[in-house]
Structure formats: structure tokens, C-alpha cells
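**Student:**
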Amino acid sequence: MSLLTVGHTGFWEPRDCSVRDLPAFSDLLSRIDLDELMKKDEPPLDFPDTLEGFEYAFNEKGQLRHIKTGEPFVFNYREDLHRWNQKRYEALGEIITKYVYELLEKDCNLKKISIPVDATESEPKSFIFMSEDALTNPQKLMVLIHGSGVVRAGQWARRLIINEDLDSGTQIPFIKRAMDEGYGVIVLNPNENYIEVEKPKIHLQSSSDSSDEPAEKRERKDKVSKETKKRRDFYEKYRNPQREKEMMQLYIRENGSPEEHAIYVWDHFIAQSAAENVFFVAHSYGGLAFVELMIQREADVKSKVTAVALTDSVHNVWHQEAGKTIREWMRENCCNWVSSSEPLDTSVESMLPDCPRVSAGTDRHELTSWKSFPSIFKFFTEASEAKTSSLKPALTRRSHRIKHEEL
């Protein structure tokens, strides 16, 4: 058990305690002035729901700037209130997500498709985005999968969108170039796994109402219960003075994880597409989701997918138990652009017997997709030509391979 004590920094800190410390803790609680403790409460967590409300807008270069000062986004809007600043940043991030969704529909002309495809009116739903010809394009289809965390469909990294620009942080440059080069496009939404609703309040009947215990014993138990609640409420008010609503998660059928989502979209959309050549771009955890898809649908993926571009993928063929035939296919048809200080496309050694690894030309994980952008399209073109002429892509030919027999 831990108690809150004032440490050398002047802040409340936990320390281990035993049962004999409880009377001292109760005495401490009785002497603390909660109002005095909460005098420096953070401001209300009441933030605008539009970019204009935050007084920010994207300029012609796709950079987020303050509409009055022209300055970039400032995280530390209020000094010494890190939690409040973080909540403000998250509120802005939710607006950015909706803004990118609008760009996908209005600027990229993608369609928003609800899933599950057979969802009832009342059940939780998610969605993906597709070009008009995603399922009918006979030649090429590009599938985009982002990583884990707060990002949603159309994004690579929220921090890049807010602190850098839309080009580096979103998938929009990939979508536009793909469509210009005749690809159909499907944009996955692997982190949209559930909806949140407020948890219903449960009123429990007091055990003393129906108990046959003696009145004195019931009173003693009620007193202990009240003291416990007092301690819990005190700690909760200290930890979370705003007492945000308690929420519960309702998972989306067959899309409750990034891996489930990738398999669902494959079964209901990608596998049904007319494209002779399917190409994947998968960032970070998106690479793991692709490998899991391949494990579950190996024959189908091999017959339909021409090439896979991974960007700083976190997949692991050992931990995911990918078989020998999958590893061999990945060595021939995948390339992983990893964070590295080496120049773009420089071969990078790997200890795992999977796909070739080359430098993305940056040592920043979140920038790997954007920095490898031109090389990925070149890789796809070479892969398509190699499939036609029965030759291997140049990037695969010049990559460093590891013989899995030696590992």
C-alpha cells in the first residue's frame, strides 16, 4: 500500500506503508484542507470543436498556423499545467482527424464506406475510404495502412500534421499520386476498433439493509466503508480534479483490432477487387497487421499482391510465427524502409530472415513514409514490370539478403 507524502520537490509523492501507518494516514486526511489543496486547480477541460475556435488554420503550404500571429502550434499554452495542455492538444487532434477525413472526401474524391458491411442500425460501426474505381480497376490497386496510436484513416502521424505539414503527416500525397498513375485506392482505418459511451451508474443496495447482523456491527462496517470512500474520493480528486466521465468501450464486430480490421477489409473488399496487381504501403504497426493478414490468408495474398512497401515496420516473423514460405515470399516481394541516418535506399543489415531493409533517409520513425515516398512508387513500378517480364525488382536484387538456413 502507498501513502501520499510531501517529498523534497514540494509535491505529493507516494511512499510504501504498512497497516500500522493507517491511523496516521487517517489523521493526515482529517487535517488536510481540500479546498486549499485544490486552489491551483487546472482550468475547465472545455475546448473549441473547430480549428477556427482554436484560432488556427492550414496555410497554402499545408502548415498549421495561428490565424493572428502566424506562429506554429504552441503546446505549452499554460505554464505548469501539463495535463491541461495535453488535453488541449488531444482536443485539437480530434479536430485534425475530422479535417483529414474531409480532405479525403473533398480533395481526393474518395468514398467513405461503412463497416461491417451488414451492420444493423444500432450496432457500433467503423469505416474505410475508397476511390470510385477501387474494386473495378483491372490493373492496379494501392492499399494504405497507418500505424498504431491516435492516428486514423488518411494519417501517418498526428504530430507531423500539427508541427510540420499535411504532406509529411498524411497519406494524401500517396493517394493523389497513386490516382494520377492509374491506381485504385483503399485507405484502411485500423485504429477505429470501438466506440465509447458513458458507463451507466450502478446503484448498489447497502448490505446493512438486508443483513441480520447486530446493529453495532453494521454501524462499525458502515463507518469503515465511509472512511474508505473518503480516502478514495480524496485521492481521485487529487489525481483527477475535473472528474471526467467514466466511459466504456463497445467493440466493432470483426474489426476489434488492427489485425482483425486488415483481414476484414481483405475479405470484403481487396479480395473482391478486379485489380491484377495489388500494392500495400504499411507503416509501423501496419506492417505487423499485414504480416498477420498474410499468415491468415497466405495463398490469397500471394496470388493477388505484387509488392509491399513497409516503412519502419514493427513486424517480427519469429514472434508472429510466419512460416518459411511466407518469409521467402517477403524476401522477394517486400521492402522495408527503416529509420536510418544513411542516405535514402542504402541497404541496412537485418538479423531477421524476412524482407530487405533499406534506409528511409531519416532517423525519425514518423517521417519514414514521407521520406521514402518517391522510392516506394519506383519500387512498385519495378515490381510491376518485373512481374510482367518475370524479373525481380531492382531494389530486391541489390538488397542484402540473409540466408535463413544459417540462422
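Using numbering that gives the first Met the number 0, you'd call the opening residue of the sequence shown number 0 and step up by one each time. Glycine residues also receive a C-beta, built at the ideal position from the N, C-alpha and C atoms. Owing to the predicted nature of the structure, the values given are computational and were not obtained by experimental measurement.
How far does the alpha helix (DSSP H) with Gln85 in it reach, from first residue to last?
**Tutor:** Here residue 85 refers to the residue found at position 86 when the sequence shown is read from its first residue. Secondary structure note for Gln85: its alpha helix (DSSP H) is the uninterrupted segment His81 to Lys105.
**Student:** State the DSSP-derived secondary structure class of Trp11, mapped to helix, strand or coil.
**Tutor:** Taking the first residue of the sequence shown as 1, we reach residue 11 at position 12. Legend: pLDDT at Trp11 = 46, less than 50; position of this residue unreliable, value from coordinates given subsequently. It is a strand residue.
**Student:** Can you check whether the CB of Val304 is closer than 9 Å to the CB of Phe278?
**Tutor:** For this step, residue 278 is matched to residue 279 along the sequence shown. For this step, residue 304 is matched to residue 305 along the sequence shown. Yes, the pair counts as a contact, with Cβ atoms nearer than the cut-off.
**Student:** Kindly indicate the opening and closing residues of the alpha helix (DSSP H) around His314.
**Tutor:** In the sequence shown, the residue the question calls residue 314 occupies position 315. No alpha helix (DSSP H) holds His314; DSSP gives it neither H nor E.
**Student:** Applying the 10 Å Cβ sphere with the 16-neighbour rule, what's the burial state of Leu406?
**Tutor:** Along the sequence shown, one-based indexing puts residue 406 at 407. For Leu406, the predicted model reports a pLDDT of 30, less than 50, meaning its position is unreliable and no value from the coordinates is stated.
**Student:** Taking the straight line between their C-alpha atoms, what separation do you get for Lys377 and Thr387?
**Tutor:** The residue given as residue 377 occupies position 378 in the sequence shown. The residue given as residue 387 occupies position 388 in the sequence shown. Answer to the nearest angstrom: the Cα atoms are 16 Å apart.
**Student:** Around the Cβ of Ile160, are there at least 16 other Cβ atoms within 10 angstroms (buried) or fewer (exposed)?
**Tutor:** As a working note, residue 160 is residue 161 in the sequence shown. Buried, since its Cβ has 16 or more Cβ neighbours within 10 Å.
**Student:** With the cut-off set at 9 Å, would you say Leu44 and Ser167 are in Cβ contact?
**Tutor:** Start at 1 with the first residue of the sequence shown, and residue 44 comes out as number 45. Start at 1 with the first residue of the sequence shown, and residue 167 comes out as number 168. No. Outside cutoff.
**Student:** Using only alpha-carbon positions, find the residue among Ala152, Thr135 and Pro137 that is nearest to Leu143.
**Tutor:** By one-based count along the sequence shown, residue 143 stands at place 144. Checking every option, the nearest Cα to that of Leu143 belongs to Ala152.
**Student:** Run through DSSP, which three-state label would Leu187 get?
**Tutor:** Taking the first residue of the sequence shown as 1, we reach residue 187 at position 188. Leu187 falls in the coil class under three-state DSSP.
**Student:** Spell out the partners DSSP gives Phe57 in its beta bridges.
**Tutor:** For the purposes of this step, residue 57 is taken as the residue at position 58 of the sequence shown. Beta-bridge pairing links Phe57 to Leu63.
**Student:** In chain order, what residues of the same chain lie with their CB nearer than 8 Å to the CB of Thr8, ignoring the 5 residues before and after it?
**Tutor:** Residue mapping note: residue 8 aligns to position 9 of the sequence shown, counting from 1. Note on Thr8: pLDDT 44, under 50, position unreliable in the model; the coordinate value appears next. For Thr8, where only same-chain residues beyond five positions count, there are no Cβ hits under 8 Å.
**Student:** Throw me the rounded Cβ distance for the Leu91 and Glu41 pair, which I believe falls under 8 Å.
**Tutor:** Mapped onto the sequence shown, residue 91 falls at position 92. Mapped onto the sequence shown, residue 41 falls at position 42. Incorrect: roughly 17 Å between the Cβ atoms, too far for contact.
**Student:** Within 10 angstroms of its Cβ, does Arg87 collect 16 or more other Cβ (buried), or is it exposed?
**Tutor:** Position 88 of the sequence shown, counted from the first residue, corresponds to residue 87. Its Cβ being crowded by 16 or more others within 10 Å, Arg87 is buried.
**Student:** Please determine, among Gly61, Phe53 and Glu59, the residue with the shortest C-alpha to C-alpha distance to Phe74.
**Tutor:** Counted from its first residue, the sequence shown places residue 74 at position 75. The option with the nearest alpha carbon to Phe74 is Phe53.
**Student:** Looking only at its own chain, which residues have a Cβ that is under 6 Å from the Cβ of Glu245, when we skip the five neighbours before and after it?
**Tutor:** Mapped onto the sequence shown, residue 245 falls at position 246. Hits under 6 Å: Lys198.
**Student:** Helix, strand or coil for Glu381, going by three-state DSSP, please let me know.
**Tutor:** Your numbering for residue 381 matches position 382 in the sequence shown. Look at Glu381 here: in three-state DSSP terms it is helix.
**Student:** How would you write the range of the beta strand (DSSP E) that Phe128 sits in, first residue to last?
**Tutor:** Here residue 128 is taken as the residue at index 129 of the sequence shown, counted from 1. First-last of the beta strand (DSSP E) with Phe128: Ser125 to Met129.
**Student:** Is the Cβ-Cβ distance between Ser368 and Trp336 less than 9 Å?
**Tutor:** Here the question's residue 368 lines up with position 369 in the sequence shown. Here the question's residue 336 lines up with position 337 in the sequence shown. In contact: Ser368 and Trp336 (Cβ atoms closer than 9 Å).
**Student:** I'd like to check one pair, Val280 with Phe173: are the Cβ atoms closer than 9 Å?
**Tutor:** Position 174 of the sequence shown, counted from the start, is the residue given in the question as residue 173. Position 281 of the sequence shown, counted from the start, is the residue given in the question as residue 280. For Phe173 and Val280, yes; Cβs fall inside 9 Å.
**Student:** Are Gln170 and Val149 close, meaning C-beta to C-beta below 9 Å?
**Tutor:** Here residue 170 refers to the residue found at position 171 when the sequence shown is read from its first residue. Here residue 149 refers to the residue found at position 150 when the sequence shown is read from its first residue. No, the Cβ-Cβ distance between Gln170 and Val149 is not below 9 Å.
**Student:** Counting C-beta neighbours from all protein chains within 10 Å, is the total for Arg157 16 or more, i.e. buried, or is it exposed?
**Tutor:** By 1-based counting over the sequence shown, the position of residue 157 is 158. Buried, because 16 or more other Cβ atoms sit within 10 Å of the Cβ of Arg157.
**Student:** Where DSSP assigns a beta bridge to Arg356, which residues make up the other side?
**Tutor:** Here residue 356 refers to the residue found at position 357 of the sequence shown. Its beta-bridge partners are Asn335.
**Student:** Could you please give me the residues that DSSP links to Ala281 through a beta bridge?
**Tutor:** Locating residue 281 in the sequence shown gives position 282, counting from the first residue. In the DSSP output, where bridge partners are listed per residue, Ala281 has Ile144 and Leu309.
**Student:** Pull up the distance between the alpha-carbon of Glu215 and that of Glu226, whole angstroms please.
**Tutor:** Within the sequence shown, the letter at position 216 stands for residue 215. Within the sequence shown, the letter at position 227 stands for residue 226. Between Glu215 and Glu226, the C-alpha separation is close to 17 Å.
**Student:** Could you pull out every residue in the same chain whose Cβ sits closer than 8 Å to the Cβ of Asn188, ignoring the five residues on either side in sequence?
**Tutor:** Within the sequence shown, numbered from 1, the residue matching residue 188 stands at position 189. Excluding residues within five positions, the ones whose Cβ falls inside 8 Å are Ser125, Phe126, Ile127, Phe128, Arg151, Ala152 and His260.
**Student:** Tell me which same chain residues have a C-beta within less than 7 Å of the C-beta of Pro248, skipping the five on either side of it?
**Tutor:** Counting from one through the sequence shown, the residue named residue 248 turns up at place 249. Strictly speaking, residue 248 in this sequence is Gln, with Pro absent from that position. Excluding positions up to five away in sequence, the list reads Tyr193 and Glu195.
**Student:** Between Met178 and Asn108, is the Cβ-Cβ spacing less than 9 Å?
**Tutor:** Your numbering for residue 178 matches position 179 in the sequence shown. Your numbering for residue 108 matches position 109 in the sequence shown. At a Cβ-Cβ threshold of 9 Å, Met178 and Asn108 count as neighbours.
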